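A.B. asks:
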Amino acid sequence: MPRPGDGRGARTVARSEDVVREAAIGRAALSPWSVVHRNDLPPFDTRVPYVAAVVDLAEGPRTTTGLVDRPDPARPRAGRALTAAFPDGVPLFRPAP
2 MPRPGDGRGA
12 RTVARSEDVV
22 REAAIGRAAL
32 SPWSVVHRND
42 LPPFDTRVPY
52 VAAVVDLAEG
62 PRTTTGLVDR
72 PDPARPRAGR
82 ALTAAFPDGV
92 PLFRPAP
């Protein structure tokens with residue numbers, strides 16, 4: 002997947018307001034992630050521990066998200082296949098079956 006400055010033509014502009022909505026099929030791969038054990042801000046204070054993650058969408062872009070339905074939140078794996086989930090209408094990801 003092209004990344005900014007990798008010579009394959011991909012370029013992004015931080016904080017750009019030039020964005021559009023695109024349909025997505027709901028598949029992604031886990032990229033960087035972190036298990037959050039403490040967060041004092043509502044509503045996150047009631048969700049610890051949780052996994053904050055960056056995922057590579059099947060269509061190409063990356064997005065920040067959270068992981069749900071993890072039996073052990075300390076064991077995510079980079080590259081793991083994920084599918085979209087929408088608990089409470091919020092787009093999150095869970096391990097693919």
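Heads up, the sequence shown is in the numbering used here, so the first residue is 2 and it goes up one at a time. Even glycine gets a Cβ: it sits at the ideal position worked out from N, Cα and C. Keep in mind it's a predicted model, so treat the numbers as computed, not measured.
In this structure, what does DSSP give as the bridge partners for proline 96?
C.D. replies: Start at 1 with the first residue of the sequence shown, and residue 96 comes out as number 95. Proline 96 is bridged to Leu83.
A.B. asks: For arginine 39 and valine 20, what's the separation of their Cα atoms in angstroms?
C.D. replies: Against the sequence shown, residue 39 aligns to sequence position 38. Against the sequence shown, residue 20 aligns to sequence position 19. Taking the straight line joining both Cα atoms gives about 32 Å.
A.B. asks: Just mark phenylalanine 87 as buried or exposed, buried being the case when its beta carbon has 16 or more other beta carbons within 10 Å.
C.D. replies: The residue labelled residue 87 in the question sits at position 86 within the sequence shown. Phenylalanine 87 is exposed by the Cβ-count criterion.
A.B. asks: Tell me the residue span of the beta strand (DSSP E) that contains proline 33.
C.D. replies: As a position in the sequence shown, residue 33 is number 32, starting the count at 1. According to the DSSP assignment, proline 33 belongs to the beta strand (DSSP E) that extends over 28–37.
A.B. asks: Taking 8 Å as the limit between beta carbons, can you name the residues of its chain near valine 69, skipping five residues before and five after?
C.D. replies: Position 68 of the sequence shown holds residue 69. Excluding sequence neighbours, valine 69 sits near Ala86, Pro88, Leu93, Phe94 and Arg95.
A.B. asks: Classify glycine 90 as helix, strand or coil using the three-state DSSP reduction.
C.D. replies: As a position in the sequence shown, residue 90 is number 89, starting the count at 1. Correct three-state label for glycine 90: helix.
A.B. asks: On the premise that glycine 27 lies in contact with threonine 66, defined as a C-beta separation below 8 Å, what is that separation, rounded to the nearest angstrom?
C.D. replies: Taking the first residue of the sequence shown as 1, we reach residue 66 at position 65. Taking the first residue of the sequence shown as 1, we reach residue 27 at position 26. Rounded, the Cβ-Cβ distance is 12 Å, inconsistent with contact.
A.B. asks: Give the straight-line distance between the Cα atoms of arginine 76 and glycine 61, rounded to the nearest whole angstrom.
C.D. replies: Counting from 1 along the sequence shown, the entry for residue 76 is found at position 75. Counting from 1 along the sequence shown, the entry for residue 61 is found at position 60. Going by the C-alpha atoms only, they are around 25 Å apart.
A.B. asks: What are the boundary residues of the beta strand (DSSP E) that includes arginine 63?
C.D. replies: What you label residue 63 is simply residue 62 of the sequence shown in a count that begins at 1. Following the DSSP letters along the chain, one finds arginine 63 inside the beta strand (DSSP E) bounded by residues 63–68.
A.B. asks: Whose CA, out of Val56, Ala24, Arg22 and Pro44, lies closest to the CA of serine 35?
C.D. replies: For the purposes of this step, residue 35 is taken as residue 34 along the sequence shown, with counting starting at 1. Comparing alpha-carbon positions, the option among Val56, Ala24, Arg22 and Pro44 lying closest to serine 35 turns out to be Val56.
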